[in-house]
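Engineer: Those protein sequences? They're chains A and B, same order as listed. Quick note on the numbering used here: the first sequence kicks off at 10 and runs consecutively. Quick note on the numbering used here: the second sequence kicks off at 10 and runs consecutively.
Protein chains: 2
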Amino acid sequence: MSTTTTRTTYSIKDAAMLTGLPASTLRYYESIGVIGPIRRGETSSHRVYSEEDLDLLTWVACLSATGMSVDDMRSYVANGALGPSAAANQVALLVEQERRLALEAEQIALRARYVRIKIAYWQAVEAGDTARADELSDQARALADDLKKVRKN
Amino acid sequence: MSTTTTRTTYSIKDAAMLTGLPASTLRYYESIGVIGPIRRGETSSHRVYSEEDLDLLTWVACLSATGMSVDDMRSYVANGALGPSAAANQVALLVEQERRLALEAEQIALRARYVRIKIAYWQAVEAGDTARADELSDQARALADDLKKVRKN
DNA sequence: TAGAAAACTTCAAGCACTTGAAGTCAACGC
DNA sequence: GCGTTGACTTCAAGTGCTTGAAGTTTTCTA
Numbered sequence: 010m011s012t013t014t015t016r017t018t019y020s021i022k023d024a025a026m027l028t029g030l031p032a033s034t035l036r037y038y039e040s041i042g043v044i045g046p047i048r049r050g051e052t053s054s055h056r057v058y059s060e061e062d063l064d065l066l067t068w069v070a071c072l073s074a075t076g077m078s079v080d081d082m083r084s085y086v087a088n089g090a091l092g093p094s095a096a097a098n099q100v101a102l103l104v105e106q107e108r109r110l111a112l113e114a115e116q117i118a119l120r121a122r123y124v125r126i127k128i129a130y131w132q133a134v135e136a137g138d139t140a141r142a143d144e145l146s147d148q149a150r151a152l153a154d155d156l157k158k159v160r161k162n
Numbered sequence: 010m011s012t013t014t015t016r017t018t019y020s021i022k023d024a025a026m027l028t029g030l031p032a033s034t035l036r037y038y039e040s041i042g043v044i045g046p047i048r049r050g051e052t053s054s055h056r057v058y059s060e061e062d063l064d065l066l067t068w069v070a071c072l073s074a075t076g077m078s079v080d081d082m083r084s085y086v087a088n089g090a091l092g093p094s095a096a097a098n099q100v101a102l103l104v105e106q107e108r109r110l111a112l113e114a115e116q117i118a119l120r121a122r123y124v125r126i127k128i129a130y131w132q133a134v135e136a137g138d139t140a141r142a143d144e145l146s147d148q149a150r151a152l153a154d155d156l157k158k159v160r161k162n
């Protein structure tokens with residue numbers, strides 16, 4: 010009869026997806042002590058992330074995204090400033106993170122549109138349709154201006 | 010009677026402001042050949058950017074913003090200078106860029122959802138609503154499970 | 001027009017990842 | 001069981017800026 014504890018563990022790939030940090034960066038952060046050593050599998054050397062690990066990494070991702078240096082992140086985490094006792098503070102951090110993600114999504118949508126225009130442009134050039142190419146060139150220029158504005162935040 | 014070509018020129022600081030790239034990055038791009046050598050002042054060694062330089066740099070800034078490597082930027086700019094003959098090459102590069110952007114958008118949407126759950130979670134903890142906190146914890150876990158299924162594609 | 005202050009220059013070093021090589025581990029079909 | 005496939009591991013080297021130092025050049029103010 011096995012103990013049926015609800016499985017709440019994650020592979021490094023899961024952790025990477027949920028935090029937005031590449032797996033290589035998770036290993037890097039661990040290697041330089043931003044986060045403590047992660048538990049390994051019973052039979053393997055593979056990292057096994059717990060729910061708490063994920064919570065902590067979510068915070069670290071927030072700090073990283075706001076441009077904090079790894080040295081500062083390390084002391085921030087070491088000082089326990091990210092524990093449950095600072096809930097209000099943490100919500101503020103997460104709301105900020107949410108705002109930044111929305112902005113990032115906006116930027117990506119703009120860039121995708123820009124790229125699509127450029128694809129159409131080169132296809133027009135290839136087809137020898139100069140008028141359409143010029144028109145698309147103007148569209149690209151206008152969009153580049155939009156992109157610059159969004160970027161300022 | 011002087012030739013009245015309106016010769017608009019820009020300092021490196023002007024160029025940085027107009028392209029959104031730091032001055033240090035403009036010098037770096039020039040040093041590794043992403044852009045050609047910029048004209049210098051008559052009496053000084055200061056860079057003097059022309060309108061054409063600015064156009065090219067705006068384009069380079071867009072490539073940079075979409076995460077293109079400097080090597081790819083270099084060949085892309087070189088191909089662009091070659092005009093219509095390289096059109097097919099340009100389209101291939103851009104289609105790849107479009108695919109990357111779509112993937113990035115997907116990841117960001119997922120992260121945003123995770124962050125929103127975490128915000129609600131900490132607000133529940135702060136309010137002492139343990140039941141709701143547990144429920145949200147489950148939701149975060151469910152999101153991770155959904156992710157595993159999506160990952161198969 | 002002198003002399004300070006701001007902006008530019010090069011070069012080198014630093015930072016925060018990122019990638020590559022070479023090997024280990026796990027899950028599947030046979 | 002047994003090979004193949006793909007994800008994981010470590011470690012070292014590479015990448016793309018970024019910053020700092022030390023020295024011009026330009027511009028502002030007096």
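Note that the Cβ used here is the ideal one computed from N, Cα and C, for glycine as well.
In this structure, what does DSSP give as the bridge partners for Arg56(A)?
Structural biologist: According to DSSP, Arg56(A) bridges with Arg49(A).
Engineer: Please confirm if the stretch 97 to 106 of chain A is in contact with the stretch 124 to 144 of chain B, defined as three or more CB-CB distances below 8 angstroms between the two stretches.
Structural biologist: Result yes; three or more Cβ-Cβ pairs closer than 8 angstroms.
Engineer: Ignore the nearest five residues each way along the sequence and tell me which others in Met26(B)'s own chain have a CB closer than 6 angstroms to its CB.
Structural biologist: Contacts found: none.
Engineer: Quick check for students: name the residue ranges of the alpha helix (DSSP H) that lie wholly in the stretch 56 to 143 of chain B, counting only runs of 4 or more.
Structural biologist: Those alpha helix (DSSP H) runs which fall completely within the stretch 56 to 143 of chain B and span 4+ residues are 60 to 74, 79 to 91 and 96 to 135.
Engineer: State yes or no: is the C-beta of Leu110(A) within less than 8 angstroms of the C-beta of Leu66(A)?
Structural biologist: No; because the gap between Cβ atoms is not below 8 angstroms, this pair is not in contact.
Engineer: Does Arg150(B) have its Cβ less than 8 angstroms from a Cβ in chain A?
Structural biologist: Yes, its Cβ sits closer than 8 angstroms to a Cβ of chain A.
Engineer: Who pairs with Tyr171(B) in a beta bridge, going by DSSP?
Structural biologist: The structure shown has nothing for residue 171(B), since chain B only spans 10 to 162.
Engineer: Please classify Asp62(B): is it buried, with 16 or more other beta-carbons within 10 angstroms of its beta-carbon, or exposed?
Structural biologist: Burial call: buried.
Engineer: Anything in chain B within Cβ reach of Val124(A), meaning under 8 angstroms, just list it in chain order.
Structural biologist: Thr75, Leu103, Gln106, Glu107 and Leu110, listed in chain order.
Engineer: Ala25(B) by DSSP, collapsed to three states: which one?
Structural biologist: Three-state DSSP puts Ala25(B) in a helix.
Engineer: Check the C-beta distance from Val140(B) over to Tyr130(B) and give it rounded, since I have them as a contact under 8 angstroms.
Structural biologist: For the record, residue 140(B) in the displayed sequence is Ala; it is not Val. 12 angstroms between Cβ atoms; not a contact.
Engineer: How big is the Cα-Cα spacing for Val3(B) and Ala136(A)?
Structural biologist: Outside the displayed range of chain B (10 to 162) lies residue 3(B), so it cannot be described from this structure.
Engineer: Could you pull the start and end residues of the alpha helix (DSSP H) that Leu35(B) belongs to?
Structural biologist: From DSSP, the alpha helix (DSSP H) with Leu35(B) extends over Ala32 to Ser40.
Engineer: On the premise that Ile21(A) lies in contact with Ala32(A), defined as a C-beta separation below 8 angstroms, what is that separation, rounded to the nearest angstrom?
Structural biologist: Going by Cβ atoms, the distance from Ala32(A) to Ile21(A) rounds to 5 angstroms, so yes, they are a contact pair.
Engineer: For my contact list, Glu107(A) and Ile128(B) are in at a C-beta cut-off of 8 angstroms; report their separation, rounded to the angstrom.
Structural biologist: So it is a contact: roughly 7 angstroms between Cβ atoms.
Engineer: Tell me the DSSP secondary structure of Arg160(B) in three-state form.
Structural biologist: Any reading at Arg160(B) needs caution, since the residue's pLDDT is 41, under 50, leaving its predicted position unreliable; the model's value is listed next. Coil, per DSSP.
Engineer: Within the 8 angstroms Cβ cut-off, does Glu135(B) reach chain A?
Structural biologist: Answer yes: the Cβ-Cβ gap between Glu135(B) and chain A drops below 8 angstroms somewhere.
Engineer: Less than 8 angstroms between the CB atoms is what I'm expecting for Ala96(A) and Val57(B), so what's the real figure, rounded?
Structural biologist: That pair is no contact at about 55 angstroms.
Engineer: Cutting at 7 angstroms between CB atoms, please list the residues of its own chain near Leu145(A), excluding the five before and the five after it.
Structural biologist: Only Ile126, Ala129, Tyr130 and Ala133 meet the Cβ criterion.
Engineer: Identify the contact partners of Lys22(B) in chain A, using a Cβ-Cβ distance below 8 angstroms as the criterion.
Structural biologist: Per Cβ cutoff of 8 angstroms: no residues; Lys22(B) is ~16 angstroms from chain A at best.
Engineer: If distances are taken between C-alpha atoms only, which option among Asp147(B), Ala24(B) and Ala118(B) comes closest to Tyr163(B)?
Structural biologist: What is shown of chain B runs 10 to 162, which leaves residue 163(B) out entirely.
Engineer: What number of angstroms, rounded off, separates the C-alpha of Asp81(B) from the C-alpha of Glu60(B)?
Structural biologist: Cα to Cα, the separation comes out at about 24 angstroms.
Engineer: List the residues of chain A that Ile128(B) touches, going by C-beta distances under 8 angstroms, in chain order.
Structural biologist: Neighbours of Ile128(B) on chain A, chain order: Val100, Leu103, Val104 and Glu107.
Engineer: Determine the direct distance from the alpha carbon of Ser78(B) to that of Asn88(B), and round the result to whole angstroms.
Structural biologist: Straight-line Cα distance between these residues: approximately 15 angstroms.
Engineer: Quick check on the burial criterion: 16 or more other C-beta atoms within 10 angstroms. Buried or exposed for Ser73(B)?
Structural biologist: Classification of Ser73(B): buried, given that the 10 Å Cβ count is 16 or more.
Engineer: Cβ of Ala114(A) within 8 angstroms of Cβ of Ala114(B)?
Structural biologist: Against a cut-off of 8 angstroms, the Cβ pair of Ala114(B) and Ala114(A) comes out as a contact.
Engineer: So which residues on chain B does Glu144(A) lean against when the C-beta distance must stay under 8 angstroms?
Structural biologist: Result: empty, since nearest Cβ-Cβ is about 16 angstroms, beyond 8 angstroms.
Engineer: Quick one: residues in its chain with C-beta nearer than 8 angstroms to the C-beta of Pro46(B), no 5 flanking neighbours on either side, listed in chain order?
Structural biologist: Same-chain partners within the cutoff: Glu39.
Engineer: Kindly say whether Glu113(B), judged by its beta-carbon, lies nearer than 8 angstroms to any beta-carbon of chain A.
Structural biologist: For Glu113(B), the answer is yes, since a Cβ of chain A falls inside 8 angstroms of its Cβ.
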